[in-house]
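To start, the structure itself, in structure tokens.
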Amino acid sequence: MQIHDGELALAQSLNQELEKRVLERTSQLAEANSRLTKQNEELARAGRRKSEFLARMSHEFRTPLNSIIGFTDLLAEEGDGPLGEAYAYYVRHVIEGAHHLLALVNDILDLSRIEAGRIDLRHEAFAAADAISEVLSVTHPLADCKEIELCSEVSRTLFVYGDRTRFKQILYNLLSNAVTFTPPGGSIQVNAEPDYGEIRFGVCDTGIGIPPEQQTAIFEEFTQVTPAPAPRGARQGAGLGLAITKRIVELHGGRIWVESILGEGSRFFFTMPAARAAEDR
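Each residue of the sequence shown is one higher than the one before, counting from 1 in our numbering.
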């Protein structure tokens, strides 16, 4: 009986000690969760403030930039008389720089809207080939300047269900990058094929390629990956184009990735929802 009582007392003591430790650990976990919750709230507030700041500053920049572009365009037209070779050269550079800055500001504004959840997608069924043709009409002059062959092989039976304007933005970003980093005399091809309820699009170039260790980083914000040697005249951006492209693709429920070999070229792929048969009609 004495042995039994001793074992019982020992068991009770161990249980009490275990309960004490469990309570202490539970309290520690609750405190840790509380701290994490507060940190997440602070990060969310900081993210919203950053997005609001970027959006506000972008709007402030756009107004004077549009004025600069407008007035320099008037100067370039030489309506009040010839500027002279030197001044015409200066004006062209001002216009080029202002357009570049405006593109960067628009990228920042787009990113801030996406991060703040203020981007509305207008879904509709549209022919992929028609939208691609519209984008190619804009990028063809850029490619022609470098004697780059730009072509598309997309069936007219493929219909996308998504925001047509944003789809064109995705494709334009990929094509403009391809033109920038493809040497003169190269080629760029756009293709598409059905893929289990989605459509997989590809933008393939014969450019300088991307190192394997950097093929994920190019989709991150403010990341610039320029393999050496970069083509002459390649203008560096803010590292936002592909980040915005990735966000827009993901907002449609799709995915984007790249396959590339240094010195041989890159193939960017992204998916978009395919339109249902009823929507095709």
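Where is the CB? At the ideal position from N, CA and C, for every residue including glycine.
- The distance from the Cβ of L158 to that of L136 is about 16 Å, inconsistent with a contact at the 8 Å cut-off.
- Non-local C-beta neighbours of N66 in its own chain, meaning closer than 6 Å and more than five positions away in sequence, are absent.
- K246 sits buried, since 16 or more C-beta atoms from the chains shown fall within 10 Å of its C-beta.
- The alpha carbon of C204 has as its nearest neighbour, out of Q215, E220 and A178, the alpha carbon of A178.
- The way I'd put it, the region 131-145 doesn't touch the region 93-103; fewer than three beta-carbon pairs between them come closer than 8 Å.
- Linking G209 to L23 through their CA atoms gives a straight-line distance of about 57 Å.
- Taking C-beta separations shorter than 8 Å and ignoring five residues to either side along the sequence, the partners of Y172 in its chain run V135, V138 and T139, following chain order.
- Between A131 and R164, the C-beta spacing is below 9 Å.
- By the criterion of a C-beta distance shorter than 8 Å, I69 is surrounded in its chain by I95, A98, H99 and L102, once the five residues flanking it on both sides are discounted.
- For Q189, the pairing in a beta bridge is given by DSSP as C151 and C204.
- Counting along the chain, I132 sits inside the alpha helix (DSSP H) bounded by residues A128 to C145.
- Separation of the CB atoms of A192 and E220 is rounded to 26 Å, and the pair is thereby denied contact status at 8 Å.
- DSSP lists G162 as the beta-bridge partner residues of E124.
- Its Cα nearest to that of F181, the residue T206 stands out among N15, T26, T206 and I119.
- The shortest C-alpha to C-alpha distance from A129 to any of E147, G202 and T72 is the one to G202.
- Taking all protein chains shown into account, G162 has 16 or more neighbouring C-beta atoms within 10 Å of its C-beta and is therefore buried.
- Taking the Cα of E198 as reference, the smallest distance to any Cα among Q215, K146, I256 and I148 is reached at I256.
- Taking V249 as the centre and dropping the five residues before and after it, the same chain places the C-beta of I170, R255, I256 and F270 closer than 7 Å to its C-beta, in chain order.
- Per DSSP, the continuous alpha helix (DSSP H) segment holding G241 begins and ends at G241 to L251.
- Across the set L8, Q189, E124 and A125, the C-alpha of Q189 shows the shortest separation from the C-alpha of E153.
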